[in-house]
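Colleague:
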Amino acid sequence: MEKFLTVKEIRDAVRDGKMTATEIVEATLADIKARDGEIGAFLEVFSEDALAQAAKIDEMKKKGDALPPLAGVPVAIKDNMLYKGHIASSGSKMLAEYTSVYTATVVERLIAAGAIIIGRTNMDEFAMGSSTETSAFQKTKNPWDKKKVPGGSSGGSAAAVAAGFVPASLGSDTGGSIRQPAALCGIVGMKPTYGRVSRYGLTALSSSLDQIGPFTHTVEDTAIILEVIEGKDIHDATSVDLAETTVGELLTPSFEGLRVGVPSEYFIDGMDEDVRKLVLEAIDVFRKGGAEIIDIHLPLNPYALPTYYIIQPAEASSNLARFDGMRYGTRAPGELEASYVAARGAGFGPEVKRRIMLGSFILSAGYYDAFYKKGLAVRTAIRKELDDAFKKVDIIIGPTSPSVAWNFGERFDDPIAMYLADIFTTAGNIAGIPGISVPCGFAHDLPVGLQLQAKPFDEAIMFRAAAAYQNATTWQKYCPEIV
Amino acid sequence: MDIDLTHIAKLSKLKFSEEEKAKLAAELPGIIEYIAKLQEVDTNDIDARAYLTDAVNVFRPDEPVENEEIRKAIIEEFPKKTADALEVPGVFND
């Protein structure tokens with residue numbers, strides 16, 4: 002099937018007067034209405050505001066004003082990002098009717114850049130999940146095969162781009178929630194360095210791990226979106242000042258002089274053999290393009306996932322303490338304590354309760370040192386191991402996820418099997434380094450993702466390598482056949 | 039490992055039916071055994087850090103910002119209110 006339009010193509014078409022923003026938004030809304038019933042990517046479409054935003058862009062164009070960098074480009078946002086006046090429910094009954102009182106910095110920056118916020122997308126409840134099945138509202142289907150999950154937790158944002166509804170969307174990645182669904186849906190998904198993008202207005206899952214990033218079809222589009230949303234924000238103390246980087250600098254596709262580290266630990270027993278084969282073929286593309294392939298070892302990598310399942314539930318149980326039906330949400334009847342317990346019991350789903358329980362246990366007297374403090378120490382050790390590795394290599398490469406998309410329900414009752422889908426991505430969050438997943442072929446007729454990671458704030462070299470790979474291959478041009 | 043589910047549920051401000059408790063009692067030990075793998079890693083010489091960024095003491099002026107529109111929107115979200123005040127169950131009884 003013919004590939005979908007990219008961010009750059011739409012932006013240029015609006016700039017050159019070949020299409021108006023209104024035409025684009027009307028076509029997008031009609032397309033979602035016609036086809037999303039089958040996919041379930043969107044929880045809500047913001048038709049009225051989207052058309053109003055488009056009219057503003059068209060007005061600017063008519064007056065001959067210079068257009069901002071994303072003028073007329075439709076973008077979908079994950080349901081955990083605030084957009085004033087619109088519901089942001091984080092996929093939970095707890096916030097089903099919560100209307101945002103302010104706008105997240107990333108959304109504000111998109112709007113200021115002329116992007117059109119099309120709607121909010123389905124997600125695992127409070128971003129806890131790897132298949133988007135824990136959403137309190139609906140299932141999102143993988144556009145490549147509707148019997149399969151799209152991955153998660155940003156499954157709706159991934160499916161919205163993979164199905165061709167929008168050229169770009171935003172997700173949040175706490176342990177792989179952008180990169181893993183991007184891999185399973187055959188698109189590009191990127192988690193920036195921790196601190197590169199403001200988290201203000203993102204409903205927190207795990208504050209030391211969460212990072213917002215884009216889904217697109219091409220690495221170039223990802224760089225374009227990143228450049229709009231990144232940078233210091235007074236409202237997020239962990240956001241950092243960046244040296245001035247330009248899309249041009251981020252996008253000089255080349256394998257030349259590139260040192261590519263291939264960790265043996267990224268090819269585990271039990272991973273899908275066809276996935277392994279495709280990733281090895283992808284590495285060969287780098288080699289043939291002139292990159293130097295270096296075998297490396299990351300002996301602590303097998304501990305990244307268990308470390309993640311200490312830090313993330315511990316932080317989540319604290320972050321989710323605020324949801325008690327007192328200041329927003331649904332107030333449950335009864336005395337204070339009974340009201341808290343009843344509101345939380347009715348509002349949270351089973352996976353959220355499981356992780357709150359796990360987090361409370363990890364932080365409880367008698368277990369805090371053995372689990373939480375130990376987790377933090379291993380976290381620091383994992384970062385040091387990666388820092389050392391990046392003295393020898395520019396990027397680390399491997400599979401994004403050990404398998405392709407699986408059937409609905411297949412892992413739902415086995416938490417650890419579900420958690421294993423993120424085995425190659427959690428280290429990136431634990432160490433705070435950037436990572437990107439790019440499509441690298443098909444196994445069992447489903448997309449496979451190649452993950453590239455770089456040292457903190459070196460997105461430029463990661464993009465350079467990923468864009469060179471996309472130039473040398475054509476996987477991003479495949480689109481699912483969708484009726 | 040013995041997990042006192044009633045105690046942990048109390049800390050979590052959650053309540054479970056007997057059926058849910060049985061499910062948790064079956065699932066949690068497996069997950070805890072999995073995360074306990076970290077005991078294999080020698081971390082004697084390592085400082086535990088909650089954040090890995092190099093940022094220290096990120097200050098900004100502590101100035102109140104008036105925003106009537108946001109104030110109204112927040113009040114609008116209150117599940118129970120008396121005039122503009124949030125109404126909550128009594129915190130101190132007797």
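So the sequences go chain by chain: A and B.
Be aware that the first sequence starts at 2, since it is given in my numbering, and climbs by one per residue.
Be aware that the second sequence starts at 39, since it is given in my numbering, and climbs by one per residue.
Just so it is clear, CB atoms sit at the ideal spot from N, CA and C, and this is done for glycine as well.
1. Report yes or no: is there a C-beta of chain A within less than 9 Å of the C-beta of T81 of chain B?
2. Determine the burial state of I431 of chain A: buried for a count of at least 16 other Cβ atoms within 10 Å of its Cβ, exposed for fewer.
3. Could you check what DSSP says for S208 of chain A in three-state terms: helix, strand or coil?
4. What residues in the segment 218 to 245 of chain A bring their beta carbon closer than 8 Å to a beta carbon of chain B?
5. With DSSP collapsed to three states, give me the class of P127 of chain B.
6. Is there contact between the segment 111 to 128 of chain A and the segment 48 to 56 of chain A, where contact requires at least three CB pairs shorter than 8 Å?
7. Leaving out five residues on either side along the sequence, give the residues of the same chain with a beta carbon under 6 Å from the beta carbon of F116 of chain B.
8. Output the boundary residues of the beta strand (DSSP E) element that contains R260 of chain A.
9. Helix, strand or coil for N302 of chain A? Go by DSSP, reduced to three states.
10. Just how far apart, CA to CA, sit M2 of chain A and I179 of chain A?
11. For M61 of chain A, which of helix, strand or coil comes out of DSSP?
12. So, using beta-carbon positions, are S438 of chain A and V189 of chain A closer together than 9 Å?
13. Closest to P303 of chain A by C-alpha separation, out of B:E104, B:K75, B:F130, would be which residue?
14. CA-CA distance, R121 of chain A and G156 of chain A?
15. Drop a sphere of 10 angstroms on the beta-carbon of A205 of chain A, count the other beta-carbons inside from all chains shown, and report buried for 16 or more, exposed for fewer.
16. Would you mind reading off the limits of the beta strand (DSSP E) that contains M191 of chain A?
17. Below 8 Å, can you find three or more Cβ-Cβ pairs linking the segment 36 to 51 of chain A to the segment 159 to 177 of chain A?
18. Is it buried or exposed for L281 of chain A, if we count other Cβ within 10 angstroms and need 16 for buried?
19. Verify the CB distance criterion: does A93 of chain B have a CB-CB separation below 9 Å to chain A?
20. Take the Cβ of G18 of chain A as the centre, count every other Cβ of all protein chains shown within 10 Å, and call the residue buried at 16 or more, exposed below.
21. With three or more beta-carbon pairs closer than 8 Å as the criterion, would you say the segment 381 to 400 of chain A touches the segment 264 to 271 of chain A?
22. Taking 9 Å as the CB-CB cut-off, is A371 of chain A touching chain B?
23. So with Cβ pairs under 9 Å, would you call A60 of chain B a contact of chain A?
24. Quick one, which of A:L279, A:K392, A:I78 has its alpha-carbon nearest L451 of chain A's?
25. Name the residue from A:R332, A:D59, A:G290 whose alpha carbon lies nearest to the alpha carbon of M95 of chain A.
26. Please list, in chain order, the chain A residues whose beta carbon lies closer than 7 Å to that of D85 of chain B.
27. Closest by CA to T141 of chain A, which one among A:K456, A:K79, A:S199, A:P193?
28. Taking Cβ-Cβ distances shorter than 8 Å, what residues in chain B pair up with L337 of chain A?
29. Using the DSSP secondary-structure output, state which residues sit across from I73 of chain B in a beta bridge.
30. Measure from the alpha carbon of K64 of chain A to the alpha carbon of each residue in A:A238, A:L185, A:R16, then state which is nearest.
31. Can you tell which of A:A97, A:G130, A:S132, A:Y103 has the C-alpha that lies nearest to the C-alpha of F138 of chain A?
32. According to DSSP, R121 of chain A sits in a beta bridge with which residue or residues?
33. Among A:I363, A:V353, A:A347, A:K456, which residue has its Cα nearest to the Cα of L377 of chain A?
34. Interface residues of chain B around L301 of chain A at Cβ under 8 Å?
35. Leaving out five residues before and five after A22 of chain A in sequence, what residues of the same chain have Cβ atoms less than 6 Å from its Cβ?
36. Can you list the beta strand (DSSP E) stretches of 3 or more residues lying completely in the segment 363 to 435 of chain A, in chain order?
Modeller: This is what the structure holds:
1. Yes, contact with chain A.
2. Buried, by the Cβ-count rule.
3. In the three-state reduction of the DSSP assignment, S208 of chain A falls in the coil class, being assigned neither a helical nor a strand state.
4. Residues of the segment 218 to 245 of chain A that bring their beta carbon within less than 8 Å of a beta carbon in chain B comprise I235, A238, T239, V241, in sequence order.
5. Per DSSP, reduced to three states, the secondary structure at P127 of chain B is coil, with no helix or strand assignment.
6. These segments touch.
7. Excluding residues within five positions, the ones whose Cβ falls inside 6 Å are L124.
8. R260 of chain A -> beta strand (DSSP E) spans 260 to 264.
9. Here N302 of chain A sits in helix by DSSP.
10. Only weak support is given to the placement of M2 of chain A: the predicted model assigns it a pLDDT of 45, under 50, and the value that follows is read from those uncertain coordinates. Between M2 of chain A and I179 of chain A, the C-alpha separation is close to 25 Å.
11. Reduced to three states, the DSSP call for M61 of chain A is helix.
12. Yes, Cβ-Cβ distance for S438 of chain A and V189 of chain A is below 9 Å.
13. When B:E104, B:K75, B:F130 are compared, the shortest CA-CA separation from P303 of chain A is found for B:K75.
14. Using only the alpha carbons, I get a separation of about 12 Å.
15. By the 10 Å Cβ count, A205 of chain A comes out buried.
16. Here the beta strand (DSSP E) through M191 of chain A covers 189 to 192.
17. Yes, since at least three Cβ pairs between the segment 36 to 51 of chain A and the segment 159 to 177 of chain A fall closer than 8 Å, the two stretches touch.
18. Its Cβ having fewer than 16 others within 10 Å, L281 of chain A is exposed.
19. The Cβ of A93 of chain B sits closer than 9 Å to at least one Cβ of chain A.
20. G18 of chain A comes out exposed.
21. These segments touch.
22. It does: the Cβ of A371 of chain A has a partner Cβ on chain B nearer than 9 Å.
23. For A60 of chain B, the answer is no, since every Cβ of chain A falls outside 9 Å of its Cβ.
24. Cα-wise, what sits closest to L451 of chain A is A:L279.
25. Looking at A:R332, A:D59, A:G290, the one whose alpha-carbon comes closest to that of M95 of chain A is A:R332.
26. Near D85 of chain B (Cβ distances below 7 Å), the residues of chain A are T381.
27. Of A:K456, A:K79, A:S199, A:P193, the smallest CA-CA separation from T141 of chain A is found for A:K79.
28. For L337 of chain A, the neighbours in chain B by C-beta distance under 8 Å run, in chain order, V126, P127, G128, V129.
29. Under DSSP, I73 of chain B takes part in no beta bridge, so it has no partner.
30. Distance check between K64 of chain A and each of A:A238, A:L185, A:R16 places A:R16 closest, using alpha-carbon atoms only.
31. Distance from the Cα of F138 of chain A is smallest, within the candidate group A:A97, A:G130, A:S132, A:Y103, for A:A97.
32. Residue pairing by DSSP places R121 of chain A opposite A:E45, A:I78 in a beta bridge.
33. Taking only the C-alpha atoms, the option nearest L377 of chain A is A:I363.
34. The contacting residues are V79.
35. V15, A55, I58, D59, G73, listed in sequence order.
36. Fully enclosed beta strand (DSSP E) runs of 3 or longer: 396 to 400.
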